[in-house]
Amino acid sequence: MKHNCPAFFETAFDEGYTQEQDGYLYRFFRQDMGKLQIKTGKIVANDPFVMFETEPFVEVFPKGSFTVQLAIAQVQSQSKEEQTADSLEPDERVALARIVFSEKPVVSWKMAVWPESDVSQLGEGEFFGYGVDAGTGSFMDAEACALLEREMEKDELFFETLTKKMDQTYKHTRSWGLIDLAEGCNVAMFSTGWGDGSYASYIGYDAEGQIARLVTDFYLLDWMGTAAEE
-19 MKHNCPAFFE
-9 TAFDEGYTQE
1 QDGYLYRFFR
11 QDMGKLQIKT
21 GKIVANDPFV
31 MFETEPFVEV
41 FPKGSFTVQL
51 AIAQVQSQSK
61 EEQTADSLEP
71 DERVALARIV
81 FSEKPVVSWK
91 MAVWPESDVS
101 QLGEGEFFGY
111 GVDAGTGSFM
121 DAEACALLER
131 EMEKDELFFE
141 TLTKKMDQTY
151 KHTRSWGLID
161 LAEGCNVAMF
171 STGWGDGSYA
181 SYIGYDAEGQ
191 IARLVTDFYL
201 LDWMGTAAEE
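Every letter in the sequence shown is one number past the one before it in this note's numbering, and letter 83, counting from 1, is 63.
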């Protein structure tokens, strides 16, 4: 099932991209996190602190080492009444996270789903997403997910290792970290938009039908059910 995803799934990663919505200005910039190791071709996206979803998406992705990028929005009210001294520094939020498998342009999108997902049952504006309860999302290979699960079970304080790594990049309302695990595996972790919720991921395909992107939308901008490609 293809989805009419908005053009900003790509353009939000362009420096200086801006959007206005509901009295707020969103000014975007891109943050390169580094390379994520995809060893099995099966990718898990979840809240790594609670591990609600540990099953990978149905799609088989390219194997290798691929760049993870964040589209971060500086959010500022356009209301003069709200522009106090405390609010003049823009609130920064992670709007989108993506894995770049190739630099080829995306010509179509499809929702990333799990084996039990039945997209035919979705109504307008509905989606399958992963649950976030700790304000954090992630990408990882299925092998890395199994390693992370074992570490969490073995050491109940292992989450502190993750938070300390993310604290190194902390800025008001957002942080991120690319964390090495054992056996050449790693996990890309990042703050999720406004915080907790359920967030969908989308697979972008090039003109030859090959996977070029995997994007998770943290729904900073309200487009669901009304977006059209520009």
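For each residue, glycine too, the CB sits at the ideal point set by N, CA and C. Quantities reported herein were computed from a predicted structural model and do not represent experimental measurements.
Output the boundary residues of the beta strand (DSSP E) element that contains residue i.
i: Gly130; result: At residue 130 the sequence reads Arg, which differs from the Gly that was named. Segment 122 to 134 is the alpha helix (DSSP H) holding Arg130; no beta strand (DSSP E) there.
i: Lys90; result: 88 to 91
i: His46; result: For clarity, residue 46 is Phe in the given sequence; the question names His instead. Where Phe46 is concerned, the enclosing beta strand (DSSP E) stretches over 44 to 57.
i: Glu39; result: Segment: none, Glu39 is in no beta strand (DSSP E) and carries neither H nor E.
Express the C-alpha separation of residue j and residue i in angstroms, rounding to a whole number.
i: Phe41; j: Lys15; result: 15 Å
i: Ala75; j: Glu131; result: 29 Å
i: Cys125; j: Ser59; result: 44 Å
i: Trp174; j: Glu33; result: 20 Å
i: Leu201; j: Thr153; result: 17 Å
i: Phe170; j: Ala(-13); result: 22 Å
Pick out whichever of the options has its Cα sitting closest to the Cα of residue i.
i: Val112; options: Tyr179, Ser88, Phe9; result: Tyr179
i: Gly109; options: Thr(-9), Phe198, Ser88, Glu(-10); result: Phe198
i: Val80; options: Gly173, Leu5, Tyr6, Arg10; result: Arg10
i: Ala25; options: Asp135, Leu137, Asp121; result: Asp121
i: Phe8; options: Gln49, Phe29, Gln17, Cys(-15); result: Gln49
i: Val167; options: Asp2, Asp27, Trp94, Ala92; result: Asp27
i: Phe119; options: Thr47, Pro70, Lys145, Pro95; result: Thr47
i: Pro36; options: Val30, Gly21, Ser45, Lys43; result: Gly21
I think residue i touches residue j, with their Cβ atoms under 8 Å apart; what is that distance to the nearest whole Å?
i: Lys84; j: Ala192; result: 5 Å
i: Trp89; j: Ile183; result: 7 Å
Over the uninterrupted alpha helix (DSSP H) stretch that includes residue i, give me the two end residues.
i: Asp147; result: 138 to 147
i: Phe(-11); result: -12 to -9
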